[in-house]
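Chain order of the listed sequences is A and B. Going from the first sequence to my numbering is simple: count from 1 and add 14. Going from the second sequence to my numbering is simple: count from 1 and add 12. Have a look at the structure below, then the notes.
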Amino acid sequence: DTEVTQTPKHLVMGMTNKKSLKCEQHMGHRAMYWYKQKAKKPPELMFVYSYEKLSINESVPSRFSPECPNSSLLNLHLHALQPEDSALYLCASSHPSGIGINQPQHFGDGTRLSIL
Amino acid sequence: QKEVEQNSGPLSVPEGAIASLNCTYSDRGSQSFFWYRQYSGKSPELIMSIYSNGDKEDGRFTAQLNKASQYVSLLIRDSQPSDSATYLCAVKGNTPLVFGKGTRLSVIA
């Protein structure tokens, strides 16, 4: 069990559906991340929130819309996804980055997303 | 472009042997180094963090860092079949965390 909880664990959706992925952490971290991971590839950063504000958007298509309602929650809203968006979506959290030493990111179990 | 390089493997070692996983990085400003273990279909799990030159030991795991050579390694002593997984090296400087492509380790019983 991890201290970063993601729901749902699996999601199958059509290309016209709207769904949301949820992530919750209670480690007191003020930075939260969304990653996308395809099979046999490393995690690919999508978004970073620091102190509940979007600090990094790695040129992600607008069909992915992140939201950080409070310091413990992170959502990823999905709309009109494409089959190539099928992947494992990982949420992570950490203390915010600073100058010098950075604390590690802790990952949730992920949501396995399949687009039909 | 910040790069982290790992041998993709698979690295096969017999049970009880030492597995040695290597990683090089391009950004000389990197200050934080992490090893994650990822089982097939699962999420990355933090194994080790290392921040200063030298060795850091935790149980059967030892991380080694040489900033002058821009090299970080992970040694796994007394390897077990349950250690079979992909090991991701991740490096952090003043840019977002950069992952290597991972090394697949197979421990043969």
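Ideal Cβ placement from N, Cα and C applies to all residues, glycine included.
Between the CA atoms of residue j and residue i - distance to the nearest angstrom
i: residue 65 (chain A); j: residue 25 (chain B); result: 44 angstroms
i: residue 59 (chain A); j: residue 64 (chain B); result: 26 angstroms
i: residue 135 (chain A); j: residue 77 (chain A); result: With chain A represented from 15 up to 130, any question about residue 135 (chain A) goes unanswered, as that position is not in the structure.
i: residue 35 (chain A); j: residue 68 (chain B); result: 37 angstroms
i: residue 94 (chain B); j: residue 124 (chain A); result: 21 angstroms
i: residue 34 (chain B); j: residue 84 (chain B); result: 6 angstroms
i: residue 86 (chain B); j: residue 29 (chain A); result: 42 angstroms
i: residue 41 (chain B); j: residue 107 (chain B); result: 10 angstroms
i: residue 88 (chain B); j: residue 79 (chain A); result: 40 angstroms
i: residue 69 (chain A); j: residue 43 (chain A); result: 15 angstroms
Cutoff 7 angstroms: residue i Cβ touching any chain B Cβ
i: residue 99 (chain A); result: no
i: residue 121 (chain A); result: yes
i: residue 118 (chain A); result: yes
i: residue 56 (chain A); result: yes
i: residue 129 (chain A); result: no
i: residue 124 (chain A); result: yes
i: residue 104 (chain A); result: yes
Helix, strand or coil at residue i according to DSSP, with G and I counted as helix
i: residue 99 (chain A); result: helix
i: residue 32 (chain B); result: strand
i: residue 56 (chain B); result: coil
i: residue 94 (chain B); result: helix
i: residue 130 (chain A); result: coil
i: residue 30 (chain A); result: coil
i: residue 118 (chain A); result: coil
i: residue 20 (chain B); result: coil
i: residue 123 (chain A); result: coil
Chain A contact for residue i (CB, 7 angstroms cutoff)
i: residue 114 (chain B); result: yes
i: residue 24 (chain B); result: no
i: residue 77 (chain B); result: no
i: residue 46 (chain B); result: yes
i: residue 43 (chain B); result: yes
Unbroken beta strand (DSSP E) run spanning residue i, endpoints
i: residue 107 (chain B); result: Note, residue 107 (chain B): premise wrong, no beta strand (DSSP E); not H, not E.
i: residue 91 (chain A); result: 87–93
i: residue 88 (chain B); result: 83–88
i: residue 49 (chain B); result: 44–50
i: residue 24 (chain A); result: 24–27
i: residue 21 (chain A); result: 18–21
i: residue 74 (chain A); result: Neither: residue 74 (chain A) is in no beta strand (DSSP E) and is coded neither H nor E.
i: residue 60 (chain A); result: 58–64
heavy atom of the ligand FAD below 6 angstroms from residue i C-beta
i: residue 52 (chain A); result: Ligands are entirely absent from the displayed structure, and the ligand FAD is therefore not among its contents.
Minimum Cβ-Cβ distance from residue i to chain C less than 7 angstroms
i: residue 59 (chain A); result: The structure shown contains no chain C; its protein chains are A and B.
Between the segment 84–112 of chain B and chain A, which residues of the former have a C-beta closer than 7 angstroms to a C-beta of the latter?
-> Listed in sequence order: 100, 104, 108, 109, 111 and 112.
Quick one, which residues of the segment 54–74 of chain B are near chain A if we go by CB-CB under 8 angstroms, in chain order?
-> Result list: 54, 55, 56, 57, 58, 61 and 63.
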